[in-house]
Structure formats: C-alpha cells, structure tokens
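Chains Y and C, in that order, are what the protein sequence lines are.
The numbers in full-length UniProt numbering rise by one with no breaks, and the one at position 133 of the first sequence is 133.
The numbers in full-length UniProt numbering rise by one with no breaks, and the one at position 651 of the second sequence is 651.
A virtual CB, placed ideally from N, CA and C, is assigned to each residue, including glycine.
Treat the numbers as computed from the prediction; the structure is a model and nothing was measured.
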Amino acid sequence: MAENPFDPVTLSKIANMELRARLIVDGVLSGIHKSPYTGSSIEFLEHKEYSPGNEIKHVDWKVLAKTDKYYVKQFEEETNLRCYLFLDASGSMGYQSKGISKFEYAATLAASLSYLFLKQSDLVGLICFSDRVLHYVPPRSRVTHLHTLLNVLTELKTAGKSNISAVLNPFIEKISHRSLIIVLSDFFDHTEKILHQLQHFRFKRNEVILFHILDPYELTFPFETVTFFESMEDERHILADPKSIKEHYLSGMNYFLGQFKQSCLENQIDYWLIDSSTPLDQALIKFLARRESSLRPARKT
Amino acid sequence: MVSFLNPIFLLGILGASIPIIIHLINKKKAVSYKFAAIDFLLETNKRISIKFKIRQLILLILRACLLMFLALSLAKPFITNSGGGAEEKNIPTSSVIIIDDSFSMQYSDRQESFFSSAKMAAKRIIDALKKEDEAAVITCSSPTFLVLPELEDDKKHLLNFVDQTQPGFTPTHIAPALDAAVEILSTARTAVKRIFLLTDMTRSGWDPQWFKSGHEKLRRTVSRVHILDVSEAKPLKNIALTDVEPQLTPMEKNTEVHIKVTIANFSPAPVKDLPVHVFLNGKKSTQGFFHIETNTSETKEFFLTAEKGKDHYGWVEIPGDNLSVDNKRYFTINASQTINVLLIDGDPKTNIYESETFYLEKALNPGREHLSSINSSLCSIHEINTITFADFNIVFLCNVETLPQEKIQELEKFVQEGGAVIFTLGNKIDPEYYNNALGALLPHRLHTTRTFSSASPLSGEQPLHLKVTESVHPVLRILSEAQINMLSLAKFYRVFYVDPTPLGNCKTICSFSNDTPALIERQVGRGKSVLFTASIDRDWTDFPVKSFFLPVMQQLCRYVTGSMSEEIPKEILVKHAWQYPCPYDMNVIEITNPEGTKTIIPPQFVDNEKYFVYKETQAPGIYAVTVNETLHPQFPAYFPVNVDATESNLAKIDQNEIRACMGGTQLSITTSRLEKESHVLLGEATKTLWGQLLLLTFCILFIESFISRK
Chain Y
1 MAENPFDPVT LSKIANMELR ARLIVDGVLS GIHKSPYTGS SIEFLEHKEY SPGNEIKHVD
61 WKVLAKTDKY YVKQFEEETN LRCYLFLDAS GSMGYQSKGI SKFEYAATLA ASLSYLFLKQ
121 SDLVGLICFS DRVLHYVPPR SRVTHLHTLL NVLTELKTAG KSNISAVLNP FIEKISHRSL
181 IIVLSDFFDH TEKILHQLQH FRFKRNEVIL FHILDPYELT FPFETVTFFE SMEDERHILA
241 DPKSIKEHYL SGMNYFLGQF KQSCLENQID YWLIDSSTPL DQALIKFLAR RESSLRPARK
301 T
Chain C
1 MVSFLNPIFL LGILGASIPI IIHLINKKKA VSYKFAAIDF LLETNKRISI KFKIRQLILL
61 ILRACLLMFL ALSLAKPFIT NSGGGAEEKN IPTSSVIIID DSFSMQYSDR QESFFSSAKM
121 AAKRIIDALK KEDEAAVITC SSPTFLVLPE LEDDKKHLLN FVDQTQPGFT PTHIAPALDA
181 AVEILSTART AVKRIFLLTD MTRSGWDPQW FKSGHEKLRR TVSRVHILDV SEAKPLKNIA
241 LTDVEPQLTP MEKNTEVHIK VTIANFSPAP VKDLPVHVFL NGKKSTQGFF HIETNTSETK
301 EFFLTAEKGK DHYGWVEIPG DNLSVDNKRY FTINASQTIN VLLIDGDPKT NIYESETFYL
361 EKALNPGREH LSSINSSLCS IHEINTITFA DFNIVFLCNV ETLPQEKIQE LEKFVQEGGA
421 VIFTLGNKID PEYYNNALGA LLPHRLHTTR TFSSASPLSG EQPLHLKVTE SVHPVLRILS
481 EAQINMLSLA KFYRVFYVDP TPLGNCKTIC SFSNDTPALI ERQVGRGKSV LFTASIDRDW
541 TDFPVKSFFL PVMQQLCRYV TGSMSEEIPK EILVKHAWQY PCPYDMNVIE ITNPEGTKTI
601 IPPQFVDNEK YFVYKETQAP GIYAVTVNET LHPQFPAYFP VNVDATESNL AKIDQNEIRA
661 CMGGTQLSIT TSRLEKESHV LLGEATKTLW GQLLLLTFCI LFIESFISRK
C-alpha cells in the first residue's frame, strides 16, 4: 500500500460530495443526515400536544397564546452516520497484475471513505480481516481518528485465507445501532455464507454496501503462455495453457459475478463491482453520485 | 540391412531430447504465477487440463520425432542389398573398375571435375575390397584394347594406377570397355564377378547396337554391373565448337581462306552474342558473334588472307564454360606452291583446239588466273632448245616424235634430281625410237598400236574403257565414287600396247578394259616418270572431254611432284593416326606435338606403300612436321588434331534405357554424391530412405504446427 493513501486529487474531487445514508441512525451530534426521529433541531417539522415528560423548552409559546393549548415543537433531527468498514486483507487481495494490488486499491478506497465520513462528523470503524479479525478500530468521529485508521491501513499486510462469514458473524450482535456496513473484498469465499451473514445485518436494518474489487486480469484472463498458476492463500497450484481454458474461466467468473450481484439485489444490498484498474476518483465519484441520486426521492418524503 | 551414408548426423538424434528437456525445464521453470482467482481455474481446468496434457504430450512426441527424423534423413540411410550384397560379403569377388576418361569427364561445375570424382570413387571401391578380392582398372579411352590388365589383389598397385590415370580427349566407348571387362572377368577365379562403371552417363558413349548382341555375354559372365553416375544425374550444359573447315581460294599473290565455323549449343537456354575469335599463326585475325538456339548449331564463315606458298596454322576459340576442352578447335592451311608444268606439244595445229595439248592445258589451268596452283607453259618441239627443264617441276611430252640427244640427257638428269616427266602418245610416236632413246625414263617398252572401233572395217571390236586398278591410288582418290564409276564412259579407239616387262620400279595406276595398262608410273631416281598409253587429245579417245579428265590430270601433277596435301584429311581426331606418303628420298621426319615434344618418325609400309605414320596424337592442338628441324615444303608443315565433337553433346542416357539394354544383367545405378561410405559405391544400396524420411519430417512439421496453433 502507498504510504499516503490519500490522493490529493481524489480527495479534492470528493471533498464537497456528501454521502447520505439511506437509513438514519440515531445520533445526537449535528450533521446533515436526515433522522427518522423528531427532536430539537433547526428545521421545524410539526406540532405535537404536550404530554408530561416533554421538554418545557420545546413548548411553542406562540401557539399557546393563540390556541391556549400546549403544543410542543418537533424538529427534524440531524444525526451522525455510524459506518463500519470491513476490509479484506487475505492473501488473494494481494494480487496485482500491474500497478496496484486489490488490497491497495481497497485500502485507499476505505481511507477515502473514512475521510469523507469523518469530514461529515460521522463515526467510522474499521475491521481488517482475513480468516479472522486482524485489526478492529471502533467507530469514532474525532478528527484524530483518521490517523488511527490510516496507521492501521498502512501497516497492514495481506496474508492467509479469507473467511468473511466467520468475521462478520460476531459483529451482527456487536453492532447495536443501525449502521452502514461497507465490505471491501474480492469475495473469493463461500458466497452463500457471506450473503447469509449480510442478510442478518439487513435484518437488523443496517445498510450494507459491498465493494467487489477485482483485478483486470481476473476479469479478462489475458494470459498467453503455458503458466504454472499458484494460489495466493494456500498451496494449491495448476499448470495450464491459458488459451485453452480462457473461455471456461471467463464463463465461470461471469457466472459467479452474476449470481453474486443477483443475490445482493434480492437482499437489498448495494453491490459495486470495481475493476482495480479503474481510477479511484472515478469509481468513488460514480458511487457517490449514484447513491445521492438514489437517495433524493427518500429525502423528499 | 540399414546403413547410413553420413552416420555423423546420427548424433543429431540426440537432438530429439531437446524438446523433452525444454518441456521438463518449462515444466519446472514454467512461468510461475501467483493468481488469486485460482478456484475458477481449478474448477474449469479439470477436464481441459487432461486434454491439455494429452496435447502437450502429443506435441512433445511430434517435436522429438521431428528432430529425430531430420537427423536420420541427414544421415542418409539406405537399405543394403540383402541378396547379392550378403553373398558378396562372404565370398571373394573379382571386380573390374571402368573409369570413363572421355573428355566430357573434364566437366566441372564445382571444385572438382567429374573425372576427379570418378577417381575418388574408384579409390574407395579399391579400399573397400577385402584381402581375398581381386580387381582390375581400365579406362574407356580406347575403342580397342591392345593389352588387357590382369586381375590382381595388390591394392597399392591398383590405387597407383588410378592415381596415374588422366582424363583424355577422346569420346566415351562404353561398349568396348564392357567387352574388355567381360574378357578380364572370364579369367577370374572367383564366382562373384562385378563391373563398376564410373561415368557421367552421356548418351554418345552408349552404343545401342552393342547391347542388342553384347549384353548376353555380359549377363552370363558378370554377377552384377554397378554404374555410378558421377554427374549425380544433373542436367549438363555445354557450348562447343563442333567443326572448323578452312576452304582455300587461290589468288594471284595470296590465298583467300574461308573458315566455316560451326558451334553447337547443348544447353537448355539459347546463347546470344557469343564471341568467337579466330587466330592465325598465333595472332588474333578476326572475330564474330553467334546466336544459337537451344540444342541447335549455327555455322558462320570467317574470311582470312594467307600468304601463298606457305603453310599456316590457327584456331577458333569461344569463351570458357564448364567443359573447356571443346571451346577451341584447330585448323591448318596448306597454301601449296605453284607447280610449273612444261607442255611440249608434238602435234601443234593451226586450229588451237586441234593441237595435242589443247585439252591438257585447259585442264591444268582452267581459269585466266593460276587458280589451280598449276602454272603451265606451252612450247613446240622447235622451241625446245631454248627451254631449261630445271625451271619446271613437270615436263609433259605430248605426242613428241623425237627429242635432241642433249635434251634427252637433260631430261634424264631432270628426272633423276626430282623432276617428273609424263609421256602421252599419238600417231607420231615411233615405238622403236622411244624404246631406244628414252628407255631410261619409260616405265615400259612400247610395243605396237592397236585400234578398237566397231566403225573400223579392220576391227569389229568395241572401244576400250578405263578401269581402276588401284582404287586407293592417290591420283584417283580425289574422284568421287560417282566419278570413278564414270571412268568407264571414256572410250579409247586406239592405244599403245606395252611390253609386259617393266623397265624399273613400275606401278599401273589404271588400265583399259582389256587389262592393257593405261597409266603407268615409274620411280626414276628422285623423280617420277609416267606413261599414258593413249593420246591426250581427241585423236584416239574422248577421254579429254569427260568431266573427270580435269581432276585426274591435276591430281596426277600434284602426285608426281609430291604436293598431295589435299590428300591429308582436313583434321585428325585425337588418338587417330596421321599418315602421309613418304617421298622416296626421305628417310625420317620429326613431329613436334603441341607440348613441344619431338618425335622422330621413320617411314613404314602401308599397303605396300611407304608412309610416315604418327599415332601419338594424344592431345588436341597443332602438330608441326619438320625435316632436319626445318619445315619442309613437300609436307604439310602443320596438321591439326581436334577432339571428336560427338562427345560435346552431354545429353544423358536414361536409366531405364540402360536397364532395358542390359537385358537380364543385374544392374544397380547410383546417382548420389560421393560419400565416404563405400556401400553405395559398391552398389549394395538398393534403396535409399532419406527421401521418405524427409517427407515424413515435413508431414510431422505440418501436423505439429497445426496442433500447436490450435
């Protein structure tokens, strides 16, 4: 991974963009995210009859004067987003055909998102994993928290097998607040198990976004000469003539991607397939733009 | 049994291991690549991997086979003859090696000539002989073999003989050589008799007639004939000078020479602007250019002027090619001296055509100029005292009644010293006077005249005719066959009979139909005396108006003066004898060959005639004839020796044709390039395999490229 995952160009492009979560999580700090809850806020929403226990300060004295009834002002409450970034650091993420490895790409993306969230005063937590949790950084919203995250990201090395479902499982109970769950991985694992765990997150009304990061070579398989392919996670290997297996490989890969995407759609999981050769800024802008456009109708309601 | 011509290439079979090694190295060192999505590879590759492995294995085998077959085909394998070969290996053999040393074997389109290849092959055959084998080596140079070599087992001697053999300048004579080989092998002690014929297979050397009758003896005597085509069956091309014919036109002071040059193109392509140079007496005289189509010849004439009365030599030359022997052809010009003839007319008439010498004078010099080289002077008997015989070469006494005594003595002295006298008779001749006064010169004593005429009341006999006594006599040799047959057309109504007893060393050149001598010659001292027993005008005969009168008279003059150069053939072919009539006073001549070697030639008798015969015409060129180291005017000072142009045509005889000619003779023909292996030379290789192997290699290459691309 690059020492500084922040590409100034990328950050400058994304600085003014806002990530709006589909679901509002509880929060007390000021923010720009819409909350499903009423409360003290700048933006008036409606009046409600006073009942014992309501804050006296919220009583609308003007309405009392006109109607002689006690009404309490209700405001749109702006709350903070709680985001958990799950970053796959298994051996397979270390693959790179040219330029940047999948892990480097995913880490950079995670760093960019973290910065974005923190800039919005959202809480960002980071879970790096392979077949187990390698690093867990609880969600914070302090500006200094970014340094903690970046330190973890820069020091991390890819190794071991991936076991996403095993890693996600404890967090289903651990994450009590409705949160934004972002998983960055190549998902070379048991697809069904992963989706099963993610369904649990969804069940608990969390929003789930999957960044499926693959290398261009994994998508096109452009090999020519006879090659001795070795696994990056275990001892498996194979000597193959790429030309003869290319067709079968690509059909297998496309089938996998198609099935995965379909399952995500069915479970209302936001799925993003990203080619690691795609410039990060483009990928991020595209992602944010689409999310914003998809959230706009909900904002009106 | 499979053997190899280039066994060194068998090492190349080790090359078959190269693909295997590469495969192993590749497998071991195969581009190792860490790949994340290996699950997909493992899933998809289960079935394909097996196919891939099989394909790799097939490719490996094909590549190994490709290199192996290539090495094998370069090693040139062949199957040795299991029949004759095996038999010959176990028992002693007798072999005759025939080396074609004809001049076409000097053909060379690479570093060594065909002849060198043939010698090399002969040496290898000798080397391959076993201790108990015997062999003899002969060449094709001579159509007749005087002494045949015996079979011997001394390899060193045989190799020495091969070393000393040199290519000749004669054409190929395969048939006589095979005859000789059969004769040599008929004395062989062993049961296996082989003939090795090392030749370039030019068609001209093969005589189809011989094979019609000769192959039976060959088949019975010889176990096998091995023919090695040292030309490797390649088509040969050649441009050759096939004929150079000088023709002389005597002029007043000089001789105009027309040289007809014929050049043949035996090449598959036409020749354009071929320069031809004509040299006379060592200096370039003229040149021209020839355009010759394929397999045709073209003739052009070149004009030169030569000094009269001298012998000249020269040659025609074209640029060198693969066969240089026939690019130069020699010629000589014998512009002989003028013969001065004195005609003494014993019966002159007022009408010139009635004179005794009218026809003779016209015959000896038919033109206004001295075109015949015979200068005749006419005088009557009254002018004879003013004439000196020594100023002439020949004196004709035509119906001369008498001669002054002092003139008779002068005439005898003239003849004794090399002059010639020719007597022609007539009605003025008194036999008794002639016999008494001129007995020292007359070949025979004159007897009486006799008339033969059906018109005469005295005799009912038919006129006499001429007939040839000696067809080969130089005087008559100039006549064509038709002219000789026409001799009998001349009618003689009256002739002189002569006494049957000759007066000296006499010879009858021709006689009458009743066997009475008509033309008799006698050697008198250094000169000659000739007697014609009829008149030379038309009084007694119509001989002077016949067409053969002129050539006979001119030839008679040349004969009696010894100027018979026209008798010598225009050119002599290599190894053919040069033959020239020996003048009576000449005991020895010296001939210098083109290399400068001098040979002294004494005369020898041929058909009772003395001739100088020279047989050492081994090489083409100009041969000089000298007497006491000076060119002698009585001889042609030079004679040319050329190669036989039939050998220049290098068209080949077809192998099937040879097989057909050979009848049932066991035959093997090898056309491959000479290699160290002796099996091919020994004719034991009946079938070569490298062609098929090479074809197989290409097939494998094709399949390999097809599979590897797929």
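Exercise for review: Run the CB neighbour count on L214/Y, radius 10 Å, all protein chains shown included, and call it buried at 16 or more, exposed below.
Suggested key: Working through the first sequence from its first residue, we reach residue 214/Y at position 214. By the 10 Å Cβ count, L214/Y comes out buried.
Point to revise | Neighbourhood of R329/C by C-beta, 7 Å cutoff - its chain only, sequence neighbours within 5 removed | key: For this step, residue 329/C is matched to residue 329 along the second sequence. Cβ neighbours of R329/C beyond the five flanking positions: L241, V244, W315, V316 and N642.
Check your understanding: CB-CB under 7 Å to M201/C, same chain, minus the five flanking residues each way: which ones, in chain order?
Key -> As a working note, residue 201/C is residue 201 in the second sequence. Closer than 7 Å at the Cβ level, and outside the excluded window around M201/C, lie D229, S231, K652 and I653.
Review point. Around the Cβ of A269/C, are there at least 16 other Cβ atoms within 10 angstroms (buried) or fewer (exposed)?
Key: Position 269 of the second sequence, counting from 1, holds the residue named residue 269/C. Exposed.
Practice item. Return the CA-CA distance between A138/Y and L126/Y, expressed in angstroms with no decimal places. Key: Locating residue 138/Y in the first sequence gives position 138, counting from the first residue. Locating residue 126/Y in the first sequence gives position 126, counting from the first residue. The amino acid at residue 138/Y is misidentified as Ala; the sequence shows Pro. The alpha-carbon atoms of P138/Y and L126/Y are separated by roughly 7 Å.
Check your understanding: So, helix, strand or coil for F548/C, using DSSP?
Key -> Position 548 of the second sequence holds residue 548/C. It is coil, neither helix nor strand.
**Study point:** Counterpart residues of residue 713/C in DSSP-defined beta bridges
**Key:** In the structure displayed, chain C extends from 1 to 710; residue 713/C sits before or after that span and is not available.
Review point. What does F303/C pair with, by DSSP beta-bridge criteria?
Key: Locating residue 303/C in the second sequence gives position 303, counting from the first residue. Answer is H258/C, bridged to F303/C.
Point to revise | Cβ pair count under 8 Å reaching 3, the region 435-442 of chain C against the region 534-549 of chain C | key: no
**Study point:** Test: S32/C CB closer than 8 Å to a CB of chain Y
**Key:** Here residue 32/C refers to the residue found at position 32 of the second sequence. Closer than 8 Å: yes.
Check your understanding: If you check the beta carbons only, do F221/Y and S32/C fall under 8 Å apart?
Key -> Counted from its first residue, the first sequence places residue 221/Y at position 221. Counted from its first residue, the second sequence places residue 32/C at position 32. No.
Check your understanding: Does the separation of the CB atoms of P169/C and A577/C fall below 8 Å?
Key -> Taking the first residue of the second sequence as 1, we reach residue 169/C at position 169. Taking the first residue of the second sequence as 1, we reach residue 577/C at position 577. In the sequence on display, residue 169/C carries Phe and not Pro. Cβ distance not < 8 Å, so F169/C and A577/C don't count as in contact.
Exercise for review: Answer with yes or no whether the minimum CB distance from K676/C to chain Y is below 8 Å.
Suggested key: The residue you call residue 676/C lines up with position 676 of the second sequence. In this prediction, K676/C has a pLDDT of 47, which is less than 50 and means its spatial position is unreliable; what the coordinates show is noted afterwards. No, no contact with chain Y.
Exercise for review: Report the neighbours of I38/C on chain Y: residues whose CB is nearer than 8 Å to its CB, in chain order.
Suggested key: In the second sequence, the residue the question calls residue 38/C occupies position 38. The answer, in chain order, is F229, E230, S231, M232, R236, H237 and I238.
Check your understanding: From the beta carbon of residue 711/C, is the nearest beta carbon of chain Y less than 8 Å away?
Key -> No answer is possible for residue 711/C: it lies beyond the span of chain C, which begins at 1 and ends at 710.
Review point. Is DSSP giving K243/Y helix, strand or coil here?
Key: Taking the first sequence and counting its residues from 1, one reaches residue 243/Y at position 243. Looking at K243/Y - three-state DSSP - the assignment turns out to be helix.
Practice item. Just confirm the distance between the C-beta atoms of V524/C and V415/C, as a whole number of angstroms; I'd bet it's less than 8 Å. Key: Residue mapping note: residue 524/C aligns to position 524 of the second sequence, counting from 1. Residue mapping note: residue 415/C aligns to position 415 of the second sequence, counting from 1. So it is a contact: roughly 5 Å between Cβ atoms.
Review point. Nearest to E361/C by CA position, among T296/C, M553/C, K119/C and G320/C, is which residue?
Key: Within the second sequence, residue 361/C is the residue found at index 361, counting from 1. Of T296/C, M553/C, K119/C and G320/C, the residue nearest in Cα terms is M553/C.
Practice item. Could you name the residues of the region 170-192 of chain Y whose beta carbon sits closer than 9 Å to any beta carbon of chain C, in the order they occur along the chain? Key: D186 and F188
Review point. Taking the C-alpha atoms as reference points, what is the distance between I601/C and P474/C?
Key: The count along the second sequence starts at 1 and reaches residue 601/C at position 601. The count along the second sequence starts at 1 and reaches residue 474/C at position 474. When rounded, the distance between both Cα atoms is 21 Å.
Practice item. Give the residues of chain C in contact with S92/Y, contact being defined as C-beta atoms less than 7 Å apart. Key: Residue numbering aside, residue 92/Y sits at position 92 when the first sequence is read from its first letter. Under the 7 Å cutoff, chain C gives A36.
Review point. Comparing alpha-carbon positions, which option in N254/Y, A65/Y, K102/Y and K57/Y lies nearest A159/Y?
Key: Numbered from 1 along the first sequence, position 159 holds the residue referred to as residue 159/Y. Minimum Cα distance to A159/Y is reached at K102/Y.
Exercise for review: List the residues of chain C that residue 336/Y touches, going by C-beta distances under 9 Å, in chain order.
Suggested key: This structure gives no information on residue 336/Y, because the portion of chain Y shown stretches from 1 to 301.
Review point. Does any CB atom of chain C fall closer than 8 Å to the CB of T225/Y?
Key: The sequence position of residue 225/Y within the first sequence is 225, counting from 1. Judged by the 8 Å Cβ criterion, T225/Y is in contact with chain C.
**Study point:** Proximity of I339/C and I394/C at Cβ, strictly below 8 Å
**Key:** Translated into positions along the second sequence, residue 339/C becomes position 339. Translated into positions along the second sequence, residue 394/C becomes position 394. In this structure, I394/C lies closer than 8 Å to I339/C by Cβ.
Point to revise | Close-in-space but distant-in-sequence residues of the same chain around A188/C (CB under 8 Å, 5 per side omitted) | key: Taking the first residue of the second sequence as 1, we reach residue 188/C at position 188. Result list for A188/C: S94, E134 and L151, in chain order.
Point to revise | Residues that residue 724/C bridges to, as DSSP identifies them | key: Absent from the model: residue 724/C. The displayed extent of chain C is 1 to 710, so no value can be given.
Check your understanding: Which word fits C557/C, buried or exposed, when buried means at least 16 other C-beta atoms lie within 10 angstroms of its C-beta?
Key -> Numbered from its first residue, the second sequence carries residue 557/C at position 557. Buried.
Check your understanding: According to DSSP, is N322/C helix, strand or coil?
Key -> As a position in the second sequence, residue 322/C is number 322, starting the count at 1. Here N322/C sits in coil by DSSP.
Review point. Exposed or buried, what is P404/C when buried is set at 16 or more other beta-carbons lying within 10 Å of its beta-carbon?
Key: Counted from its first residue, the second sequence places residue 404/C at position 404. Burial call: exposed.
Review point. Skipping 5 residues on each side, what residues in its chain have a beta carbon closer than 8 Å to that of V606/C?
Key: Mapped onto the second sequence, residue 606/C falls at position 606. Excluding positions up to five away in sequence, the list reads Q579 and V613.
Review point. Name the DSSP beta bridge partners of T670/C, please?
Key: The sequence position of residue 670/C within the second sequence is 670, counting from 1. Answer is L228/C.
Check your understanding: What do you reckon, are the CB atoms on I182/Y and Y71/Y nearer than 8 Å?
Key -> Indexing the first sequence from 1 puts residue 182/Y at position 182. Indexing the first sequence from 1 puts residue 71/Y at position 71. Taking 8 Å as the Cβ cut-off, I182/Y and Y71/Y do not qualify as a contacting pair.
Review point. Would a C-beta distance cut-off of 8 Å place L343/C and S377/C closer than the cut-off?
Key: Within the second sequence, residue 343/C is the residue found at index 343, counting from 1. Within the second sequence, residue 377/C is the residue found at index 377, counting from 1. Yes, the pair counts as a contact, with Cβ atoms nearer than the cut-off.
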